[in-house]
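Encoded as structure tokens, the structure appears first; notes follow it.
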Amino acid sequence: VYFGANEDASGVATMLEILRSWRMAGYRPAYSVLFAAWDGEELEQLGSTEFIHAPGVPWKEIIAEIQLDMVGVAPKGVLGIDAGIRMPGLRPPDRGDMLVGLLQEGATLYGVDAEVLEWETSGDHVTFLQARMSAALLTWDGADVPYIHTPEDTLATVQPELLGKVGAVASYAAVAITTP
Numbered sequence: 176v177y178f179g180a181n182e183d184a185s186g187v188a189t190m191l192e193i194l195r196s197w198r199m200a201g202y203r204p205a206y207s208v209l210f211a212a213w214d215g216e217e218l219e220q221l222g223s224t225e226f227i228h229a230p231g232v233p234w235k236e237i238i239a240e241i242q243l244d245m246v247g248v249a250p251k252g253v254l255g256i257d258a259g260i261r262m263p264g265l266r267p268p269d270r271g272d273m274l275v276g277l278l279q280e281g282a283t284l285y286g287v288d289a290e291v292l293e294w295e296t297s298g299d300h301v302t303f304l305q306a307r308m309s310a311a312l313l314t315w316d317g318a319d320v321p322y323i324h325t326p327e328d329t330l331a332t333v334q335p336e337l338l339g340k341v342g343a344v345a346s347y348a349a350v351a352i353t354t355p
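Here the numbering used here is used: the first residue of the sequence shown is 176, the next is one more, and so on.
See below:
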């Protein structure tokens, strides 16, 4: 058993901070926003797959999914955005591009170096793409970071400023996508 401070507690911590910041600012989105976390990514996306099959809310009301994975450590400091660019059969063409655009806009606004990744990979965001949902993964340095799945993946290795940066970018896109 490993601590998993970056892989994957950093994504959950960032998500909770976004929620806290919205509450503290008194922000009330025009549409409902569901903050969700699941596990089992390494077990063929067990948690996100279960959510797809039983989301608990009407499927047609889900606009997009923003996945925060390994967002606490970045030797190079480049935020990667993966939205299935190389998986055109999976991407909703209009909303997928809109989500990527909003994430890039947020990165620019907050001075975060970002790049669109062209992965052909698996991950919780791919579960949503396969269901024809607009989805994107945010991760630092193309997930090429130290300590993944090792005993060294502890809180001492997490860079708090990175959590703030990725949180600002994700929050920006979430606010924009839920504003009429």
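Beta carbons: idealized from backbone N, C-alpha and C, even for Gly.
Query, Result
"Can you give the Cα-Cα distance for Ser-185 and Leu-330, rounded to whole angstroms?", "9 Å"
"For a minimum of 3 consecutive residues, which ranges assigned as the beta strand (DSSP E) are wholly contained in the stretch 204-255?", "239-243"
"Please classify Phe-210: is it buried, with 16 or more other beta-carbons within 10 angstroms of its beta-carbon, or exposed?", "exposed"
"What would DSSP say about Val-187, mapped onto helix, strand or coil?", "helix"
"Let me check one thing: in DSSP terms, what residues is Leu-278 bridge-paired to?", "DSSP lists no partner for Leu-278."
"Are the CB atoms of Glu-182 and Asp-328 within a distance shorter than 9 Å?", "yes"
"Look at His-300 and Asp-272 and say whether their C-beta atoms are less than 9 Å apart.", "no"
"Whose C-alpha, out of Leu-277, Val-291, Leu-292, is nearest the C-alpha of Tyr-285?", "Leu-277"
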